[in-house]
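Participant: Line by line, the protein sequences are chains F and S. Numbered by this note's numbering, the letters in the first sequence go through residues 1 to 176 in order. Numbered by this note's numbering, the letters in the second sequence go through residues 177 to 352 in order. For each residue, glycine too, the CB sits at the ideal point set by N, CA and C. All of these numbers come straight from a predicted model, not from anything done at the bench.
There are 2 protein chains.
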Amino acid sequence: MARSYKTVVEDTRDGLRAEPEKARARFEAVSRQTGGLRSEVQTRQFLLTVDEPPALGGGDAGPNPVELILAALASCQEITYRLHADALGIPLEGVSTKVRGDLDLRGLFAAAEGVRPGFQGLTVEVSLVSSASDAELQRLRDVVERHCPVLDLLKNATPVAITAKRALAGPALAAG
Amino acid sequence: MARSYKTVVEDTRDGLRAEPEKARARFEAVSRQTGGLRSEVQTRQFLLTVDEPPALGGGDAGPNPVELILAALASCQEITYRLHADALGIPLEGVSTKVRGDLDLRGLFAAAEGVRPGFQGLTVEVSLVSSASDAELQRLRDVVERHCPVLDLLKNATPVAITAKRALAGPALAAG
């Protein structure tokens, strides 16, 4: 029997409504290029190796950045389905997701003007194992599509403030 | 001595200009929820475990989806700096990045109307180890900010087409 998140969602929602100043969560990643196109990224206690496939000049030591975007979208959909299915009392025995993105490499390589470097479009296929009615699943889907953080990030623009500064050479930053 | 990507970028750019139909690249991720809020995601030969921290109801078995977004942005900046520094002949001995995002949890938990579930804003701090002039680094930065795929994906909206279908129960989709 799977754990239900009904009380987790309800308690969290009540707490955030009572103290909205506690709703702000900050997330962080620290990365460095360790050789070739490879990056080692840390977020909390987790380390990720990111690289490019050989066709893009990399050493293929890990997924590439746009594949991480797809992984983020797939898993975020699944988490949001689980939380809101349980909160709504809609039975959901399983959820899986396939995400695909098409990209025009002329953007990254500056081979043509006016070609965006990011995905031109994404497709998401969600598979739901559920004994719920079609109407319940449609209701769940509507809620998930309004409240999934990564879906929101991709469908809508987000302000990004960038600073770039010169750093001193040091072993932590040396190219491999 | 680090490898230079100058010829990689130039050859790729020439190839994409000559045969723009080869510029289309498709990326894919397949994921399933394996228990609690945990997802196992596969992209090519790589497997990622995604989860939420205990404060958000998860088992903390991996980074969460929005942390993957930050990791993607950090590493994509670094890769784009490396490729274009080498292509432009601007010396760059090292690059590291710190990315931070602030999110209002009332969005995910549907605790308030009108609060977006995604990041409200992102900050990126890029550190460059380089003997280049300030003007060269500024030129490099301008090129990177126009051609970084993940930065583009976050700063701008992307069409997302979603289908959700009912699947048969099966071990591959069973909740843990």
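How many whole angstroms separate the CB atoms of G107(F) and P117(F), which I take to be in contact at a CB cut-off of 8 Å?
Facilitator: In the first sequence, counting from the first residue as 1, residue 107(F) sits at position 107. In the first sequence, counting from the first residue as 1, residue 117(F) sits at position 117. That pair is a contact at about 3 Å.
Participant: Name the chain S residues that come within less than 7 Å of D104(F), Cβ to Cβ?
Facilitator: Walking along the first sequence from the start, residue 104(F) turns up at place 104. What D104(F) touches in chain S: A199 and R200.
Participant: Assess, as a yes-or-no matter, whether the region 24 to 31 of chain F is touched by the region 248 to 262 of chain S under the definition of 3 or more beta carbon pairs within less than 8 Å.
Facilitator: These segments touch.
Participant: Going along the chain, which unbroken runs of the alpha helix (DSSP H) with 4 or more residues stay wholly within the region 5 to 67 of chain F?
Facilitator: Entirely contained in the region 5 to 67 of chain F, the alpha helix (DSSP H) runs reaching 4 residues are, in chain order, 6 to 18.
Participant: Quick one: is S96(F) buried, meaning 16 or more other Cβ sit within 10 Å of its Cβ, or exposed?
Facilitator: As a first step, residue 96(F) is located in the first sequence; it is residue number 96 there, counting from the start. Per the 10 Å Cβ criterion, buried.
Participant: Does the beta carbon of R32(F) sit closer than 8 Å to a beta carbon anywhere in chain S?
Facilitator: Locating residue 32(F) in the first sequence gives position 32, counting from the first residue. Yes, R32(F) lies at the interface with chain S (some Cβ there is under 8 Å from its Cβ).
Participant: Would S131(F) be called buried (16 or more neighbouring beta carbons within 10 Å of its own) or exposed?
Facilitator: As a position in the first sequence, residue 131(F) is number 131, starting the count at 1. With fewer than 16 Cβ atoms within 10 Å of its Cβ, S131(F) is classed as exposed.
Participant: Using a C-beta to C-beta distance shorter than 8 Å, which residues of chain F count as neighbours of P325(S)?
Facilitator: The residue labelled residue 325(S) in the question sits at position 149 within the second sequence. By Cβ distance, chain F contributes P65, V66, L103, G107, L108, P117, G118 and F119.
Participant: Quick one, are the C-beta atoms of V320(S) and T256(S) less than 8 Å apart?
Facilitator: In the second sequence, the residue the question calls residue 320(S) occupies position 144. In the second sequence, the residue the question calls residue 256(S) occupies position 80. Their beta carbons are under 8 Å apart, which means V320(S) touches T256(S) by this criterion.
Participant: What are the boundary residues of the beta strand (DSSP E) that includes E145(F)?
Facilitator: Translated into positions along the first sequence, residue 145(F) becomes position 145. No beta strand (DSSP E) contains E145(F), which is instead part of the alpha helix (DSSP H) from D134 to H147.
Participant: In angstroms with no decimal places, state the Cα-to-Cα distance between D11(F) and L140(F).
Facilitator: Position 11 of the first sequence, counted from the first residue, corresponds to residue 11(F). Position 140 of the first sequence, counted from the first residue, corresponds to residue 140(F). Rounded to the nearest angstrom, the two C-alpha atoms are 19 Å apart.
Participant: For S180(S), which residues from the same chain have a beta carbon less than 7 Å from its beta carbon, with the 5 sequence-adjacent residues on both sides left out?
Facilitator: Sequence index remark: in the second sequence, residue 180(S) carries index 4 (1-based). Once the five neighbours on either side are set aside, the close Cβ partners of S180(S) are D262.
Participant: Tell me, to the nearest whole angstrom, how far the beta carbon of R38(F) is from that of A61(F); I am working on the premise that it is less than 8 Å.
Facilitator: Working through the first sequence from its first residue, we reach residue 38(F) at position 38. Working through the first sequence from its first residue, we reach residue 61(F) at position 61. Right, the Cβ-Cβ distance comes to about 5 Å (below 8 Å), so this counts as a contact.
Participant: Is the CB-CB distance between E125(F) and I90(F) below 8 Å?
Facilitator: Here the question's residue 125(F) lines up with position 125 in the first sequence. Here the question's residue 90(F) lines up with position 90 in the first sequence. No, the pair does not count as a contact, with Cβ atoms beyond the cut-off.
Participant: Would you say D328(S) reaches chain F, if we count a Cβ-Cβ gap shorter than 8 Å as a contact?
Facilitator: Within the second sequence, residue 328(S) is the residue found at index 152, counting from 1. It does: the Cβ of D328(S) has a partner Cβ on chain F nearer than 8 Å.
Participant: Compare the C-alpha of L279(S) against each of L268(S), T299(S), E269(S) and G270(S) and name the closest.
Facilitator: Position 103 of the second sequence holds residue 279(S). Closest by alpha carbon: T299(S).
Participant: Between the beta-carbon of F203(S) and the beta-carbon of E78(F), is there less than 8 Å?
Facilitator: In the second sequence, residue 203(S) corresponds to position 27, counting from 1. In the first sequence, residue 78(F) corresponds to position 78, counting from 1. The answer is no: Cβ separation not under 8 Å.
Participant: Residues in its own chain within less than 7 Å of S57(F) by CB, not counting five upstream and five downstream?
Facilitator: Within the first sequence, numbered from 1, the residue matching residue 57(F) stands at position 57. It is worth fixing the name first, because residue 57(F) is Gly in this sequence and not Ser. L37.
Participant: Relative to the ligand MN, is the shortest distance from any of its heavy atoms to the C-beta of D190(S) smaller than 7 Å?
Facilitator: Summarising the ligand content, the structure contains no ligands, and the ligand MN is consequently not present.
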